[in-house]
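In full-length UniProt numbering, the protein residues as written are 1 to 927.
A virtual CB, placed ideally from N, CA and C, is assigned to each residue, including glycine.
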RNA sequence: GCCUAGGUGGUGGAACUGGUAGACACGCAGGACUUAAAAUCCUGUUCCCGUUAAGGGAGUGCGGGUUCGAUUCCCGCCCUAGGUACCA
């Protein structure tokens with residue numbers, strides 16, 4: 001029988017599904033291993049060949065771990081709330097739930113074709129009420145929690161209330177809004193219910209307050225910082241403006257330091273760790289106050305270089321700074337107003353793009369230098385950002401390039417503060433020299449000066465050491481329909497939680513998925529949608545990242561109706577051991593998920609500080625477009641003629657995208673091309689060597705470029721096993737690369753060779769029970785060792801090559817020994833599960849047992865290396881490969897090498913000066 | 001600008017801690033089997049010199065360095081991709 005992937009693969013996929021082959025067993029004996037893929041958003045376009053790359057890798061890893069005796073959890077689900085389904089609903093009126101359901105079914109079909117070992121009984125969908133019930137429940141825990149800086153963890157709000165009742169606001173160390181009030185215990189007890197709630201809201205981890213948000217008018221919603229790229233929306237590229245709105249936020253800043261520290265304990269790719277570090281943006285420095293007697297106030301600045309404080313020659317405020325109006329003198333009022341006016345007209349994009357032009361305006365006011373008492377001018381300029389630090393900086397032109405340019409432009413003093421500075425051409429921020437012009441720190445080094453200055457500022461109550469973070473609290477509301485409703489209602493303008501037993505708060509039906517006429521979110525259209533028929537619900541929904549910030553817990557215990565995950569399940573599965581997905585989630589999902597994980601840990605629901613122990617980013621798979629070249633006539637109009645790539649320079653041509661599915665190894669199928677578009681029916685081809693060769697280009701995979709390759713098509717031609725092997729063979733997992741179907745034949749050929757090892761020339765199944773030869777064992781042991789090493793370091797592409805070598809060797813040896821072949825297919829199973837399962841059964845084993853068969857150990861492992869060639873060089877010139885046994889000691893090796901005829905001849909009787917050993921091997925003989 | 005990753009044949013890529021660079025695969029060229037095709041198999045394939053061969057030389061982005069020996073380590077530079085950006 002020939003290798004028939006079509007019937008064989010369907011058969012096993014159905015068998016696995018029917019028998020639940022990949023359900024982890026409830027076991028305490030086996031060690032657990034949790035392998036997770038980033039679950040997909042089920043888009044209408046279906047999967048293309050790039051999507052399964054990471055899934056295949058994680059599947060290989062899962063199957064490998066099962067073979068090694070682990071109890072493996074390997075689930076899959078859908079992140080099914082999101083914008084595209086809603087946009088589609090706006091256009092067509094079709095309910096997003098319907099679109100989503102259709103898309104999920106399509107995804108499932110495509111995933112099933114690839115033969116993944118998912119335990120589908122654990123599937124989750126974030127848009128299912130049974131799932132988002134718990135997303136809402138977790139939101140309630142966040143609403144009902146505050147961050148205690150003293151214990152360095154989140155605590156239920158009750159402990160804060162208790163503190164207020166007994167001590168008032170005194171001694172509380174909490175992460176909170178900056179406008180919290182101070183009160184005594186008795187004052188607290190006299191507060192009205194409303195006043196108490198208002199105060200508590202300033203401490204909650206999920207809170208409501210007026211904040212500046214990224215408003216995208218085109219999408220009709222606010223966006224998180226990570227959803228805004230270069231001033232436009234990540235999705236659609238629409239303009240984004242700053243706007244003040246009442247918004248739900250998550251106090252992620254409370255966790256800034258723990259999120260940062262945690263990065264050191266996890267095994268993630270360096271670029272990703274770096275991205276999170278930059279996003280959190282910790283800078284250590286000092287806050288310094290500059291008194292402004294004129295308005296009886298002070299300007300607080302943040303600096304990372306307090307050592308340069310004697311170089312301060314002016315202060316710059318952001319144009320939006322709250323003190324600007326009060327400071328401005330009458331003489332400067334018009335200059336300031338016109339400058340503010342100009343900056344506010346500049347879009348966010350312009351302001352970012354234009355970093356060259358120096359601009360600013362003098363307020364007319366002066367502040368007192370905290371240490372010298374001298375007057376310093378106060379300016380405003382748009383290079384100072386309102387959103388970072390205090391929105392004000394102390395300008396040190398000798399040490400900071402922006403301040404330097406500003407000083408030059410407006411002819412402000414530049415004071416050198418170090419004996420090693422060179423400030424002729426530019427600012428010099430070096431910390432190497434000793435200070436000059438610096439009063440109490442003159443002659444000191446950087447290390448010495450900093451503590452002296454901080455102490456002095458503290459004495460004067462004009463400053464202190466401070467750590468600043470770039471990260472802002474995460475906006476949590478979207479003015480959208482297709483998301484989780486926030487389980488909150490409003491009484492007297494204040495938010496109150498629903499009762500737990502009232503969950504889930506179901507997404508109500510609406511007539512249209514657009515904002516209301518009064519500009520409220522779509523949920524405002526829901527009729528009779530009121531809490532207890534009288535209180536308004538929250539009308540915005542949760543953002544896309546809500547459902548994905550805890551989903552790995554749900555897989556552990558997906559059908560639990562009493563809790564989001566049971567204690568037993570989370571105690572057993574703990575955290576995700578291996579997480580595979582794209583790096584585009586670096587500052588979104590992966591940060592929020594870590595945040596929620598920490599909150600849930602603090603509140604006692606589990607014990608893991610980090611959710612994802614090891615993370616691998618699979619590279620992006622780009623498209624590889626093919627082009628045909630249409631010949632143009634004298635008037636520049638397209639003709640019926642198409643010229644092959646190699647000859648196109650002899651004609652005037654225009655390149656046209658051609659469907660990559662009718663191109664094979666860059667050679668066009670001209671008959672199918674004629675059917676590709678009606679106007680090509682009469683196409684004439686100018687060929688080279690009898691073929692039409694297409695041009696190529698690497699682009700994003702998209703329908704409009706006709707370069708989308710559907711895995712289903714590959715599978716129907718070559719089979720799922722070929723697809724799996726080929727995706728791995730394409731190159732290193734973490735590297736981005738264009739998809740190129742050229743070369744898949746090689747992998748397909750390999751599988752047919754595997755099949756033929758088990759069959760005689762007539763195609764009849766035939767294996768022998770004879771004892772294998774040494775050479776046969778050697779081939780087997782080599783591949784076992786290689787695959788084991790490769791999988792552990794995620795080098796799947798080299799394993800595929802090694803398999804090819806192994807099978808070629810066994811073919812050359814005409815090996816059909818059961819002892820060899822059975823172990824071979826166990827090793828191959830993670831990569832090509834269908835063909836191996838079939839052969840496993842042909843060998844007389846029970847169906848379905850291959851998944852849990854023991855990974856073969858090689859008791860005769862020495863065979864791998866028993867013949868070893870020593871690369872011996874003389875005077876650095878590599879000359880000899882001497883076959884030697886491995887178990888000889890260095891002295892014996894030396895004797896054999898020197899006695900070898902070739903070596904003797906090369907030495908020509910000269911004396912040996914030195915023999916260089918590396919790890920017990922002779923590497924070089926110096927004469 | 002800064003941070004991170006990377007640069008190897010016609011192509012994808014290999015070389016795991018410094019030890020015969022180019023494994024494996026595609027493509028290409030030639031051949032066997034076949035009426036023919038498909039399938040399968042064999043041979044060659046980094047570049048240059050050498051008509052063939054034997055043989056020689058160069059070679060892992062560029063220029064230096066360390067070493068008996070460098071794709072691998074160090075210094076400087078160039079280029080590509082991703083991230084980030086008046087962050088004080």
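Own chain partners of residue 440 with C-beta closer than 7 angstroms, once the 5 adjacent residues on each side are dropped: Start at 1 with the first residue of the first chain, and residue 440 comes out as number 440. Cβ within range, chain order: 452, 456.
Residue 607 vs residue 598 beta-carbon contact at 8 angstroms: Translated into the one-based positions of the first chain, residue 607 becomes position 607. Translated into the one-based positions of the first chain, residue 598 becomes position 598. In this structure, residue 598 does not lie closer than 8 angstroms to residue 607 by Cβ.
CA-to-CA distance, residue 577 to residue 278, given in whole angstroms: The count along the first chain starts at 1 and reaches residue 278 at position 278. The count along the first chain starts at 1 and reaches residue 577 at position 577. Cα to Cα, the separation comes out at about 25 angstroms.
Given residue 480 as reference, the closest of 514, 449, 713 once Cα atoms are compared: Along the first chain, one-based indexing puts residue 480 at 480. Among 514, 449, 713, the Cα nearest to that of residue 480 is on 514.
Residues that residue 435 bridges to, as DSSP identifies them: Residue 435 sits at position 435 when you count from the first residue of the first chain. Beta-bridge pairing links residue 435 to 418.
CB contact flag (residue 204, residue 146, <8 angstroms): What you label residue 204 is simply residue 204 of the first chain in a count that begins at 1. What you label residue 146 is simply residue 146 of the first chain in a count that begins at 1. A contact, by the Cβ cut-off of 8 angstroms.
Inter-residue Cα distance where the pair is residue 395 and residue 363: The count along the first chain starts at 1 and reaches residue 395 at position 395. The count along the first chain starts at 1 and reaches residue 363 at position 363. Taking the straight line from one Cα to the other gives about 15 angstroms.
Identity of the residues DSSP links to residue 657 by a beta bridge: The residue you call residue 657 lines up with position 657 of the first chain. 627.
Candidates 548, 710, 415, 737: closest to residue 76 by CA position: As a position in the first chain, residue 76 is number 76, starting the count at 1. Of the listed residues, the one whose Cα sits closest to residue 76 is 548.
Continuous beta strand (DSSP E) stretch holding residue 523: start and end: One-based indexing of the first chain puts residue 523 at position 523. Taken as a continuous stretch (DSSP letters only), residue 523 belongs to no beta strand (DSSP E), as it is neither H nor E.
Sequence-distant residues of its chain with Cβ nearer than 8 angstroms to residue 119 (five each side left out): If you number the first chain from 1, residue 119 lands on position 119. Here the set comprises 20, 22, 23, 24, 73, 74, 75.
Those residues which DSSP pairs with residue 851 across a bridge: Translated into the one-based positions of the first chain, residue 851 becomes position 851. In the DSSP output, where bridge partners are listed per residue, residue 851 has none listed.
Buried or exposed by the 16-neighbour rule on C-beta atoms within 10 Å, applied to residue 246: In the first chain, counting from the first residue as 1, residue 246 sits at position 246. Exposed, because fewer than 16 other Cβ atoms sit within 10 Å of the Cβ of residue 246.
DSSP three-state assignment for residue 14, whether helix, strand or coil: As a first step, residue 14 is located in the first chain; it is residue number 14 there, counting from the start. Correct three-state label for residue 14: helix.
Inter-stretch contact at 8 angstroms, needing at least 3 Cβ pairs: the region 538-556 / the region 463-478: yes
Simplified DSSP state of residue 84, which is helix, strand or coil: Sequence index remark: in the first chain, residue 84 carries index 84 (1-based). Residue state, collapsed to three classes: helix.
Those runs of the alpha helix (DSSP H) which lie wholly inside the region 734-767 and span at least 4 residues: 744-757
Three-way DSSP call (helix, strand, coil) for residue 140 in this model: Looking up residue 140 in the first chain gives position 140. Reduced to three states, the DSSP call for residue 140 is helix.
Backbone CA spacing between residue 569 and residue 550 [nearest angstrom]: By one-based count along the first chain, residue 569 stands at place 569. By one-based count along the first chain, residue 550 stands at place 550. Cα-Cα distance, rounded: 14 angstroms.
Nonlocal neighbours in the same chain, by C-beta distance under 6 angstroms from residue 838, ignoring five residues either side: As a first step, residue 838 must be located in the first chain, where it is residue number 838. Counting only Cβ-Cβ distances below 6 angstroms, and skipping sequence neighbours, we find 8.
CB contact flag (residue 195, residue 492, <8 angstroms): As a first step, residue 195 is located in the first chain; it is residue number 195 there, counting from the start. As a first step, residue 492 is located in the first chain; it is residue number 492 there, counting from the start. For residue 195 and residue 492, no; Cβs fall outside 8 angstroms.
Sequence-distant residues of the same chain with beta carbon closer than 6 angstroms to residue 56, five excluded per side: Counting from one through the first chain, the residue named residue 56 turns up at place 56. Within the same chain, residue 56 has close Cβ partners 724, 727.
Length of the line joining the Cα atoms of residue 336 and residue 313: For the purposes of this step, residue 336 is identified with residue 336 of the first chain, where counting begins at 1. For the purposes of this step, residue 313 is identified with residue 313 of the first chain, where counting begins at 1. Straight-line Cα distance between these residues: approximately 20 angstroms.
CA nearest to the CA of residue 310, picked from 301, 259, 372: Here residue 310 refers to the residue found at position 310 when the first chain is read from its first residue. Closest by C-alpha distance to residue 310, out of 301, 259, 372, is 372.
Any non-hydrogen atom of the ligand MN closer than 7 angstroms to residue 233 Cβ: Looking for the ligand MN in the displayed structure turns up nothing, as the structure carries no ligands at all.
Assigned exposure category for residue 485 - 16 Cβ within 10 Å defines buried: Working through the first chain from its first residue, we reach residue 485 at position 485. Result: buried.
For residue 562, the nearest candidate out of 134, 85, 773, 507 (CA to CA): Numbered from 1 along the first chain, position 562 holds the residue referred to as residue 562. Residue 134 is the option with its Cα nearest to residue 562.
For residue 367, the residue or residues it bridges with in DSSP: For this step, residue 367 is matched to residue 367 along the first chain. Partner residues in the beta bridge of residue 367, as assigned by DSSP, are 376.
Touching by the beta-carbon criterion (3+ pairs, under 8 angstroms), the region 589-598 and the region 160-167: In this structure the region 589-598 does not lie against the region 160-167, because fewer than three pairs of beta carbons, one per stretch, are closer than 8 angstroms.
Nearest to residue 100 (by Cα), restricted to the options 378, 84, 216: Here residue 100 refers to the residue found at position 100 when the first chain is read from its first residue. When only C-alpha atoms are compared, the closest one is 84.
Among 619, 646, 745, nearest to residue 54 - alpha-carbon criterion: On the first chain, position 54 is the one that residue 54 refers to. Minimum Cα distance to residue 54 is reached at 619.
Length at least 4, wholly inside the region 19-105: the alpha helix (DSSP H) runs in chain order: 52-67, 83-92
At least 3 beta-carbon pairs within less than 8 angstroms: the region 424-435 vs the region 396-409: yes
Cβ contact check for the region 163-179 and the region 511-528: 3 or more pairs under 8 angstroms: no
Spatial distance of residue 853 from residue 770 (CA atoms): Against the first chain, residue 853 aligns to sequence position 853. Against the first chain, residue 770 aligns to sequence position 770. Looking at the two C-alpha atoms, the distance is approximately 22 angstroms.
Helix, strand or coil at residue 832 [DSSP, three-state]: Locating residue 832 in the first chain gives position 832, counting from the first residue. Residue 832: coil per DSSP, three-state reduction.
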